[in-house]
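Novice:
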Amino acid sequence: MPMSLKFSLVLAVSLVAAPALAQDAGNPAPVEAKEKKVCRRVTPTGSIVAKSVCHTKAEWKQIEEENSRNTEAFRNRGKGRPTDLE
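Take any residue in the sequence shown, count from 1 to its spot, add 5: that is its number in the numbering used here.
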């Protein structure tokens with residue numbers, strides 16, 4: 006699966022899951038240091054229209070690490086090197 010498609014899937018899943026996770030849980034404890042959201046312009050594969058996608062710095066780091074692992078696994082495909090993609 007191409008990296009950009011996987012990136013798009015990761016973004017889509019995170020956007021779909023966000024409202025479910027954001028439901029009010031009654032009286033939650035106050036959040037002390039809420040992380041600031043960082044927005045980036047992303048152009049999905051097959052589109053010419055970019056859209057803003059916002060995540061925390063930790064989430065962006067996780068997305069970038071996953072994309073790097075996927076890219077490396079794709080490059081190593083067919084070279085006799087093990088990949089952890091299935």
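Ideal Cβ positions, reconstructed from N, Cα and C, are used throughout, including at glycine.
If you drop the 5 nearest sequence neighbours on each side, which residues of the same chain put their C-beta closer than 8 angstroms to that of residue 40?
Specialist: Result list for residue 40: 61, 62, 63, in chain order.
Novice: Quick one: what's residue 57 bridged to in DSSP?
Specialist: In the DSSP output, where bridge partners are listed per residue, residue 57 has 46.
Novice: State the DSSP-derived secondary structure class of residue 62, mapped to helix, strand or coil.
Specialist: Here residue 62 sits in helix by DSSP.
Novice: Between residue 53 and residue 69, what straight-line distance do the alpha-carbon atoms span, to the nearest angstrom?
Specialist: Spanning the two alpha carbons is a distance of roughly 22 angstroms.
Novice: Quick check on residue 58: buried or exposed, where buried means 16 or more other Cβ atoms within 10 Å of its Cβ?
Specialist: Per the 10 Å Cβ criterion, buried.
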